[in-house]
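Everything below concerns the one structure shown next.
There are 2 protein chains.
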Amino acid sequence: MTAEAGHPANGLDEVVHQRVRLGILAIVHEARRVEFGYLRAQLDLTAGNLSKHLSVLEEAGLIEIEKGYEGKRGRTWITLTPAGGTALADEITRLKQLIARVEPGTS
Amino acid sequence: MTAEAGHPANGLDEVVHQRVRLGILAIVHEARRVEFGYLRAQLDLTAGNLSKHLSVLEEAGLIEIEKGYEGKRGRTWITLTPAGGTALADEITRLKQLIARVEPGTS
Numbered sequence: 001m002t003a004e005a006g007h008p009a010n011g012l013d014e015v016v017h018q019r020v021r022l023g024i025l026a027i028v029h030e031a032r033r034v035e036f037g038y039l040r041a042q043l044d045l046t047a048g049n050l051s052k053h054l055s056v057l058e059e060a061g062l063i064e065i066e067k068g069y070e071g072k073r074g075r076t077w078i079t080l081t082p083a084g085g086t087a088l089a090d091e092i093t094r095l096k097q098l099i100a101r102v103e104p105g106t107s
Numbered sequence: 001m002t003a004e005a006g007h008p009a010n011g012l013d014e015v016v017h018q019r020v021r022l023g024i025l026a027i028v029h030e031a032r033r034v035e036f037g038y039l040r041a042q043l044d045l046t047a048g049n050l051s052k053h054l055s056v057l058e059e060a061g062l063i064e065i066e067k068g069y070e071g072k073r074g075r076t077w078i079t080l081t082p083a084g085g086t087a088l089a090d091e092i093t094r095l096k097q098l099i100a101r102v103e104p105g106t107s
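Chains as they are written, first to last, in UniProt numbering: chain A, 1 to 107; chain B, 1 to 107.
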């Protein structure tokens, strides 16, 4: 095997693979549209930490962040973009390849 | 679902999950004992970047690093510790849980 072919880990994108961001993308994929507070509770994060990771994903075009109101309370909603759906699917594909190398015969 | 149960992403350990370190652990698991240069080629890393990640894994007790000689050439060999094997297996378990949430019905 050449260095160029390399290991499935080489194909993982750090923007998507990072633990918190992978959690965000997986939850938003599952729920379609999620509120900031829900994500924060699900992932057990501080608001600051969640905001930081949401910004990385938004700048990469993987999510959309929408601010609005529910009654008088400000709310932030997060949805997955088509590029975000593709990026999550690519990550899952590579993770499966990696798992298959770690557990030969079980895939 | 409570925040405490939360998402499978919460259970991922950043020491193991980080892209390069996950690659290192997977390759060392597969090959049992690997040489530094082989890892570097497989993961397409600079020596400095690989060394940094190996130190993190060694400090966490997940790998053993052994320096020796092959003829007159210095060589560095890496093996997985039992704790490293367990940590990799835990990571794979949680990744499978996460994949099952993203792809319901395919698991």
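Backbone N, C-alpha and C define an ideal beta-carbon position, used for all residues, glycine too.
- Task: State yes or no: is the beta carbon of A/Leu-50 nearer than 8 Å to at least one beta carbon in chain B?
- Result: In the first sequence, residue 50 of chain A corresponds to position 50, counting from 1. No, A/Leu-50 does not count as interfacial toward chain B.
- Task: Just mark B/Glu-4 as buried or exposed, buried being the case when its beta carbon has 16 or more other beta carbons within 10 Å.
- Result: Start at 1 with the first residue of the second sequence, and residue 4 of chain B comes out as number 4. Reliability of the predicted coordinates at B/Glu-4 is poor, the pLDDT of 43 falling under 50, and the value obtained from them is presented with this limitation in mind. Exposed.
- B/Leu-45 versus B/Glu-70 - alpha carbon distance: Position 45 of the second sequence, counting from 1, holds the residue named residue 45 of chain B. Position 70 of the second sequence, counting from 1, holds the residue named residue 70 of chain B. B/Glu-70 has its alpha-carbon roughly 22 Å from the corresponding atom of B/Leu-45.
- Beta carbon of B/Ala-41 nearer than 8 Å to that of B/Leu-88: By one-based count along the second sequence, residue 41 of chain B stands at place 41. By one-based count along the second sequence, residue 88 of chain B stands at place 88. Cβ distance not < 8 Å, so B/Ala-41 and B/Leu-88 don't count as in contact.
- Message: Any C-beta of chain B within less than 8 Å: which residues of the stretch 25 to 58 of chain A qualify?
- Response: Hits within the stretch, in order: Ala-26, Ile-27, His-29, Glu-30, Ala-41, Gln-42, Leu-43, Asp-44.
- Task: Express the C-alpha separation of A/Lys-96 and B/Gln-97 in angstroms, rounding to a whole number.
- Result: For the purposes of this step, residue 97 of chain B is taken as the residue at position 97 of the second sequence. For the purposes of this step, residue 96 of chain A is taken as the residue at position 96 of the first sequence. One C-alpha to the other measures close to 12 Å.
- Task: Just tell me which of B/Gln-18, B/Asn-10, B/Ser-51, B/Val-15 has its CA closest to the CA of B/Ile-78.
- Result: Residue numbering aside, residue 78 of chain B sits at position 78 when the second sequence is read from its first letter. It is B/Ser-51.
- Message: Going by beta-carbon coordinates alone, are A/Leu-22 and A/Arg-94 separated by less than 8 Å?
- Response: Reading the first sequence from its first residue, position 22 is the one you call residue 22 of chain A. Reading the first sequence from its first residue, position 94 is the one you call residue 94 of chain A. Contact: no.
- Message: Mapping the DSSP letters down to three states, classify residue 184 of chain A as helix, strand or coil.
- Response: In the structure as shown, chain A starts at 1 and stops at 107, and residue 184 of chain A therefore has no counterpart that could be examined.
- Query: With respect to the alpha helix (DSSP H) encompassing A/Thr-81, which residues constitute its N-terminal and C-terminal limits?
  - Reply: By one-based count along the first sequence, residue 81 of chain A stands at place 81. Run containing A/Thr-81: none; DSSP gives neither H nor E here.
- Could you check what DSSP says for A/Gly-48 in three-state terms: helix, strand or coil? Position 48 of the first sequence, counted from the start, is the residue given in the question as residue 48 of chain A. DSSP places A/Gly-48 in helix when its eight states are reduced to three.
- Under a three-way DSSP split, which group does A/Glu-103 fall into? Here residue 103 of chain A corresponds to residue number 103 of the first sequence, with the count starting at 1. A/Glu-103 carries a coil assignment under DSSP once its states are collapsed to helix, strand and coil.
- Query: Which bits of chain A does B/Ala-100 rub up against, with CB to CB less than 8 Å?
  - Reply: Reading the second sequence from its first residue, position 100 is the one you call residue 100 of chain B. Under the 8 Å cutoff, chain A gives no residues; its nearest Cβ is about 10 Å from B/Ala-100.
- Task: Taking only the alpha-carbon atoms, compute the straight-line gap between A/Val-16 and A/Leu-39 and give it to the nearest angstrom.
- Result: By 1-based counting over the first sequence, the position of residue 16 of chain A is 16. By 1-based counting over the first sequence, the position of residue 39 of chain A is 39. About 16 Å.
- Item | Buried or exposed by the 16-neighbour rule on C-beta atoms within 10 Å, applied to B/Arg-19 | Against the second sequence, residue 19 of chain B aligns to sequence position 19. The residue in question, B/Arg-19, is buried, as its Cβ has 16 or more Cβ neighbours within 10 Å.
- residue 109 of chain B to A/Pro-82, Cα distance in whole Å? Limits of chain B in this structure are 1 at one end and 107 at the other, which puts residue 109 of chain B out of reach.
- Just by C-beta distance, which residues in the stretch 3 to 17 of chain B are closer than 7 Å to chain A? Listed by position, the residues of the stretch 3 to 17 of chain B near chain A (Cβ gap below 7 Å) are Ala-3, Gly-6, His-7, Ala-9, Asn-10, Leu-12, Glu-14, His-17.
- chain B contact residues for A/Gly-84, given Cβ-Cβ distances below 7 Å: On the first sequence, residue 84 of chain A is found 84 positions in, with the first residue counted as 1. Here the premise fails: no neighbours, minimum Cβ distance about 12 Å.
- Query: Is there at least one Cβ from chain B nearer than 8 Å to A/Leu-95's Cβ?
  - Reply: Taking the first residue of the first sequence as position 1, residue 95 of chain A is located at position 95. So, interface residue.
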